[in-house]
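Asks:
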Amino acid sequence: MMMSGGNYTHIDNQNNVGGSVPSVPDPGHVSVKFTDSNLQTFPPSGTQGKISAVSQPPRDADDSFSKPVSGSTSDQQQPTGWLRRFTISAYQPYFDVDTSDVLDRIKDSLFPFRGTFTEKTSDNPDLYGPFWICSTLIFVAASIGTFVTYVANKMQQKEWNYDINMVTWSAGLFYGYSTVIPLALYVILKYFSAPAGFVQLLCLYGYSLFVFIPALCLSVVPLEIFRWVIAGVAGFMSASFVALNLRAHIMSSGERWFLIVAAIFVLQLALAVVLKLYLFTITV
């Protein structure tokens, strides 16, 4: 019974109020029993704790992309014999050359009296250098000729028109000369029982044209006598480079070797004269 009066509250029969939660009687020791599992136990793998070097896909992986397609280029047999000459792989070795090798061969072409170019390139003649030398000659001839005629027309206050024939003419001259002349020389040397490699002749004639690149650049000087001197010096260096490098090989052809070397020298000089008349001479 609780009575209230004044400022306090009196709780009667305090023995009926517990100060804590009544304790639960101990039910005794409880044992827990686990039933046997039906899970299968697998033995440890041989690569446990290691990274396997071979990774295999799952059994249901689609390996259709890893299998070669029937009739693909890898299954086709590469052409043999003379048909191989019409494939890219036949000429790939002739373009596999370092820049340092090309620069060394260009330096040799500027010193024609050494006569060691054919010895250095006998094992690995290239077509990379000759191709870019001819292409550069075409570009320089067209650009220099166009620039000179443009300036000359502007100074004389005349109308200027671009001449596309200079590009086509230069391409036909340089590509044709560096291909037809070595081919003709290859046939002649084979006839006189002194055969030379056709690719090696292409390489020799291609590098012999490099000297005309600086000569064309110097042709912008508006002095006719100076242009003749430049064309003559370039032609003499190019002719000497080809003739001296082929002399030792052609001497084995017999008594007519001198005529062949002289013809090679004259042809290179004739090329210089043609370049002087059609490219080194700029008329307005």
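Each residue of the sequence shown is one higher than the one before, starting from 2 at the first, in my numbering. Glycine included, each C-beta is placed from N, C-alpha and C at the ideal position.
Would you identify the three-state DSSP class for Val221, choosing helix, strand or coil?
Replies: It is coil, neither helix nor strand.
Asks: Cys204 and Ala131 - do their beta-carbons sit closer together than 9 Å?
Replies: Sequence inspection shows Pro at residue 131; the Ala mentioned does not correspond to that position. Yes.
Asks: Under DSSP, the alpha helix (DSSP H) around Arg257 begins and ends at which residues?
Replies: Here Arg257 belongs to no alpha helix (DSSP H), and DSSP marks it neither H nor E.
Asks: Taking all protein chains shown into account, decide if Ser239 is buried (16 or more other Cβ within 10 angstroms of its Cβ) or exposed.
Replies: Ser239 is buried by the Cβ-count criterion.
Asks: Between Ser171 and Ile139, how many whole angstroms is the CB-CB distance? I'm expecting something under 8 Å.
Replies: Their Cβ separation, rounded to whole angstroms, is 5 Å, which keeps Ser171 and Ile139 in contact under 8 Å.
Asks: According to DSSP, is Ala271 part of a helix, a strand, or is it coil?
Replies: Three-state result, Ala271: helix.
Asks: For Phe266, count neighbouring Cβ atoms within 10 angstroms of its own Cβ and tell me buried if that reaches 16, exposed if not.
Replies: Buried, because 16 or more other Cβ atoms sit within 10 Å of the Cβ of Phe266.
Asks: Check whether the segment 116 to 136 touches the segment 197 to 211, taking contact to mean three or more Cβ pairs, one atom from each stretch, closer than 8 Å.
Replies: Yes, the segment 116 to 136 touches the segment 197 to 211.
Asks: Going by DSSP, what residue range makes up the alpha helix (DSSP H) through Gly177?
Replies: 166 to 192 is the extent of the alpha helix (DSSP H) around Gly177.
Asks: Judging by CA-CA distance, which residue of Leu278, Leu247, Lys108 is the nearest neighbour of Leu190?
Replies: When only C-alpha atoms are compared, the closest one is Leu247.
Asks: Per DSSP, what kind of secondary structure is Arg115 in: helix, strand or coil?
Replies: Of the three classes helix, strand and coil, the one that applies to Arg115 here is coil, per DSSP.
Asks: Report all residues from its chain with a CB closer than 8 Å to the CB of Trp161; omit the five preceding and five following residues, and keep chain order.
Replies: Cβ neighbours of Trp161 beyond the five flanking positions: Thr150, Tyr151, Asn154, Lys155.
Asks: Pull up the distance between the alpha-carbon of Glu1 and that of Val262, whole angstroms please.
Replies: Shown here, the chain extends from 2 to 285; a query on residue 1 therefore has no answer.
Asks: What number of angstroms, rounded off, separates the C-alpha of Tyr192 from the C-alpha of Ala264?
Replies: Cα-Cα distance, rounded: 16 Å.
Asks: Alpha carbon to alpha carbon, how far is Val168 from Leu210? Give it in angstroms, no decimals.
Replies: Going from the Cα of Leu210 to the Cα of Val168 covers about 17 Å.
Asks: Comparing alpha-carbon positions, which option in Ala195, Gly207, Gly116 lies nearest Gln269?
Replies: Answer by Cα proximity: Gly207.
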